[in-house]
Amino acid sequence: MDHRLKRWHSVAGALLLLTLLIVVVGSAQADPYPQSTLHPKGDFALMVDKLFRTTLFWATLVFVLVEGALVFVIIKFRGKPDDPEPKQVHGNTMVEVIWTAIPALVLAMIAVPTVRTIFRTYETPKGADVLQVEVVGHQWWWEFRYPQLGLTTANELHVPVGRTVALKMVTQDVLHSFWIPQLAAKRDVFPNRSTTLWFKAEEPGDYPGQCAEFCGLQHGRMAFQVIAQAPGDFDGYVGRMQATGGPAAAPATPPVDSAAAKPAAAANALNTATLAATVQAGADTVAGSQLFMMKGCVGCHSLNATKPMGIGPNLAGIGHRLYIAAGWLENTDANLAKWIQHPQTVKHGVLMPDLGITEAEAQSLVAYLRQH
Amino acid sequence: MDAHALHPATSTGIPNRKLAIWTFIGSECLFFASLISVYLVYKGKSLVGPYPSEIFEIPLVTVGTALLLFSSLFVVLALNGCEQGNRKKFLGWLAMTILCGLFFIGMQVYEFTHFFHEGLTMQKNLFGASFFTLTGFHGTHVTIGVIWLLSIFIEGVRGHVPPAKALNFEIAALYWHFVDVVWIVIFPVVYLMNS
Amino acid sequence: MATSVLDHAGAAGIHPEKTGLWAWITTVDHKKIGILYGASAFIFFLIGGLEALVIRLQLMKPDNNLVSPEFYNQLFTMHGTTMIFLAVMPLSAMFFNFFIPLLIGARDVAFPRLNAFSYWVFLFGGLFLNASFLFNAAPNGGWFGYANLSSKQFSPGLNMDFWAIGLQILGIASLAAGVNFFVTVLNMRAPGMKLIRMPMFVWMSFITQLLVLLSFPVITVALILLMFDRLFGTHFFVPLGGGDTMLWQHLFWVFGHPEVYILILPAFGIISEILPVFSRKPLFGYTAMVFSGCFIAFLGFGVWSHHMFSTGMGPIADSVFSLATMLIAIPTGVKIFNWLGTTWGGSIQMKTPMYFALGFIAMFIMGGLSGVMHSTAPADLQQTDTYFVVAHFHYVLFGGSIFSLTGGAYYWWPKMFGHMLDEGLGKLHFWLMLIGFNLTFFPMHIVGLEGMPRRVYTYPAGLGFESLNRIETYGALILGFSFLVFIFNVIKSTRSKVHAPADPWNGATLEWSIPSPPQEFNFPSIPTVHGRDAFWEEKRAHGGKLPEPARVSGAGIHLPNPSYWPFLAALGVLLLFIALMNHASKLGPVYIFAAVSVLFFSIFNWVFEPAEG
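Chains as they are written, first to last, in my numbering: chain A, 1249 to 1620; chain B, 3 to 197; chain C, 51 to 663.
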């Protein structure tokens, strides 16, 4: 009786565990995962995903068989203390050879596609059509440069759908790792040696990514967005960014300019409040422009995408970015004002100091930046 | 402690302490292999001088190397004397070994001082950093070896190292051989291979 | 107190059981040192566990600010460092110390005083590392301390000095213990205990020592170079001076991967002792188990770069390290199949240690398979540095090592302390631990694949990480609670004083032939061994059962004298490193000179002190 009761306890424990794990998997299905590796939308990520699914298949098969054998053993060979001693077996050469050989065969099934895929990951995309992008990691933000287009931007990388993007990456300070799960995978970024990664976005969308190598205090807040756009939209984006370098651009860009064709993907996130602010700008933006100079913002930040200057992120196009403070804080007027006023509270440890900017000044700066 | 206590029966027949020193030497090989690898990885990677070819004094180091090599022979003779109970042979060759070791240390002190004057420091460039680290750790090993041998010499003079206790000396001698062998690797890798 | 130890030394040969602080400080008895290792490591394990709970509470909801990013980075660095160097390694060392001599039929280890020295250096190293919290400067660069974040420029505080120096101190302890146990296993075996008759735990521990001896020198060099960079301004890992950050990664992982096997092989050994006893059947495929252990250790030195796939080493290197890593699955598979083969056809006795052993197999399969999944380099480009990897190594190190070590604790507790742990509480502990463990770490697979990187102090809402992280935190709380059950079990059992028989489980190995707990001299007379499973053989030869062994007088048995020099030498090591850390202060050279003096003085007195009475 006691024996049976104990066995019942074990069954109950095992069932409870199983139920909980099913709950876990179930709740996992419920959430949307924009940063997932499991829903690839780029050729590189698709290639990796295919290999992952091959491995997952074999791993699951082995898992089920071996765990099944374990459960079988526990149920089948359960003994009582006074049972006679079981047959004393020390081994069986044939069986041992078989279970050495079978895993070797399974591994061969994984090994062949693995090596093939490894070589593909290192193929350097060539040709005039390839969009070259230079990535520079900073503590704790990302700088993107388009050498073919003469543009520099930060934390939001716009790419055209259907065109291969070749990334060449270095860091200004410590090691980082550039990870864009849905489009490619990750590649570490080093101070005195450049690394590469490539991808081709298959469909338009906003793809979040983030630094994956621990890089100090704000490693957790070093994200970015890749915005894949239809080729026409991308050209519009490039045109507007190049215009920030035009004679009329700095320091006060005509409001019309920023109201021009926006990236389709980013459009939905660009709230109407922003547009309203741009229209009624007037005096506020003039004050903002002066503050931008006086408060020293200009010492670190450029509003000109064609001139990479200053140690801070290039702010050309800041008004239209989805997020601020390196890809995680939603780009609302309130957040932007708070970020300008209290950077050390919002993201402690960043290079941007608290400059003692008042609420009103911050509003003016926001209004001004919204034009860019 | 009697002879029995020094040589208890072991499963392998090798005394514990002798096996231990061999084990330790095996581990130390990885230590020096890592230091030598670091030296080789950074070879030619220094951003500023002084560079090795400008600064090495091969003849002096060759003499030091030769003496260290000879000391390995001397320590064998000394151990032989110790095991035979030949006090004169034991202490005489041991003294020679220690002198060779001391000369080597002296050579290294001179070399380091000279390099400092030439502007080579650990902070100056990668060559300085990896060179001083590698040879410095070797020199520390030599110094510990000299202290160890010296303490055996003093014990020997006091008559505390009879043939039955030759193992006390033997493990020190094994260590000394190891230190010499490491230098046999360092010398060509660092001094000769830098055309 | 000082005179009492002299009295003991003078009254050598009688050896009454000694108690009191001084007896523990001067002990050279491998069993007492084992208990010291176990107690210290368990306390460090609880500290590391508390750090983990704070981490889990911080990640329980998005954009949480329970702890600051500064403190969070210290927490996860110290959690990893503590669990690896201050919990799992010394918990294994507890079993090495207490049981290797008993399992091979020896009275002590080869070098009892060196053994004490190892323990004290370990303890001081652990205290040194944790003392950093008092200065609000706990290490914060991750347990693998990647260059160049660890450089003075990017980590200006004392944090990484504590780390680089603390790990060097701990390395000395591990190396001294490595030499000691390597020699002990080779040289101290009882007559007839051939290598190929040794219990599997001894075999796996022996291989572990070999790994320690060959891998710790490499990390020692890496840490020395880092220390030189930080303290003396060299540029080994400083890019501005030409230093190469990849060199750190190579040096670290040449150590780091064998270290993984240093953490798991003793666990394999413990499982290989528990399964036969509770299946009442000898270990299946003994020889294959020995060779697969050797093969794992050998391959362990050739796969380090699989930690570095994302650095872009090139297709050839990636392929070689991918394939070499996959190869490890073969000997590991052999082990798992042989364990199943051991239980197959057995008469399984479901006692608490067996629960943990079977739980170990179930969880370790999981960890092994996720390991194969990141051996495919391209897939690893997605998985590395995410929570998928965190899940993987917790299935290996918690589901593997900790399950096994806990099982070992239940199995050997009666032998170590002379009383039984409660079976009911033991099983409750098991189920809570199994459920808590899986709730904590299984969702990490998913959340990692869904894009959550590791080592982030928080995550924004909207990436879908919320619900899984909440479940993980609940799981962690259950997991933490399960160890309270264990502590309660220990207290209850200690109080109840139910005396354990010498052989409560019908054990197969020599430790069960002597009273529980063993007397100071272990074996009244050194046993002679006639085959594997020596004690089973002996019981069979005597018709299946032996009378309860009596406690006897140890008169005439020579045992090593207690000594305080190992303690002082260990203190000298600690002082030397503290002095190095403060070398730049005004009195720096004085500190260093003083520390070296203490060290040399202790070592000389140790050398010239008679070892045996």
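Heads up, the beta-carbon is just placed ideally off N, CA and C, and yes, glycines get one too.
Cβ pair residue i, residue j closer than 9 Å
i	j	result
A:Phe1447	A:Thr1419	no
C:Gln399	C:Arg330	yes
A:Ala1293	A:Ala1433	yes
C:Leu261	C:Gly350	yes
C:Glu570	C:Gly604	yes
C:Asn230	C:Leu164	yes
C:Leu455	B:Gly28	no
B:Gly83	B:Trp95	yes
A:Gln1490	A:Leu1397	yes
C:Gly45	C:Val579	Outside the displayed range of chain C (51 to 663) lies residue 45 of chain C, so it cannot be described from this structure.
C:Ala214	C:Trp298	no
C:Leu560	C:Trp170	no
B:Glu30	B:Phe180	yes
C:Ile321	C:Trp389	yes
C:Pro493	C:Ile521	yes
C:Ile105	C:Tyr122	yes
DSSP three-state assignment for residue i, whether helix, strand or coil
i	result
A:Ala1449	strand
A:Ile1475	strand
B:Thr14	coil
B:Met195	coil
B:Asn186	Here residue 186 of chain B is Ile; the residue named in the question, Asn, does not match the sequence. Of the three classes helix, strand and coil, the one that applies to B:Ile186 here is helix, per DSSP.
C:Met27	Past the edges of chain C, shown from 51 to 663, lies residue 27 of chain C, and the structure says nothing about it.
A:Arg1435	strand
A:Glu1578	strand
C:Ile219	helix
A:Phe1392	strand
C:Thr375	helix
C:Trp394	coil
A:Arg1326	strand
A:Val1418	strand
C:Gln124	helix
A:Ile1572	strand
C:Gly176	helix
Assigned exposure category for residue i - 16 Cβ within 10 Å defines buried
i	result
C:Trp586	buried
B:Glu59	exposed
C:Glu598	exposed
C:Asp430	buried
A:Ser1506	A caution first: A:Ser1506 carries a pLDDT of 39, below 50, which makes its placement in the model unreliable, though a value can still be read off. Under this definition A:Ser1506 is a buried residue.
C:Asn572	buried
C:Met339	buried
B:Ile186	exposed
A:Glu1451	exposed
B:Tyr112	exposed
A:Thr1501	No answer about A:Thr1501 holds up, because its pLDDT of 39 lies below 50 and its placement is not dependable.
Heavy atom of the ligand ZN within 8 Å of residue i beta-carbon
i	result
B:Phe72	With respect to small molecules bound, the structure shown includes none, and the ligand ZN cannot be examined in it.
*asked:* Three Cβ pairs or more, each shorter than 8 Å: is that satisfied between the segment 175-184 of chain C and the segment 245-256 of chain C?
replied: no
*So does the segment 154-162 of chain B actually touch the segment 9-20 of chain B, counting three or more Cβ pairs closer than 8 Å?*
no
*asked:* I'd like the ranges of any alpha helix (DSSP H) spanning at least 4 consecutive residues and lying wholly in the segment 48-102 of chain B.
replied: 54-57 and 60-86
*Would you say the segment 1380-1400 of chain A touches the segment 1452-1469 of chain A, given that touching needs at least three Cβ pairs under 8 Å?*
yes
*Do the segment 1357-1368 of chain A and the segment 361-370 of chain C touch if we need at least three Cβ pairs shorter than 8 Å?*
yes
*Unbroken stretches of the alpha helix (DSSP H), 4 residues or longer, contained in the segment 509-573 of chain C*: 516-546
_Would the segment 1306-1322 of chain A count as touching the segment 402-421 of chain C if we require 3 or more Cβ pairs under 8 Å?_
yes
*Could you name each continuous beta strand (DSSP E) segment of 3 residues or more that falls completely within the segment 1370-1416 of chain A, going from the start of the chain to the end?*
1379-1386, 1389-1394, 1399-1402 and 1404-1408
*Looking at C-beta atoms only, is the number of pairs between the segment 459-468 of chain C and the segment 539-556 of chain C that lie closer than 8 Å three or more?*
yes
_If we require 4 or more residues per run, which alpha helix (DSSP H) segments fall completely within the segment 567-647 of chain C?_
584-591 and 615-631
*Segment contact flag, the segment 303-319 of chain C with the segment 130-149 of chain C, C-beta cutoff 8 Å, min 3 pairs*: yes
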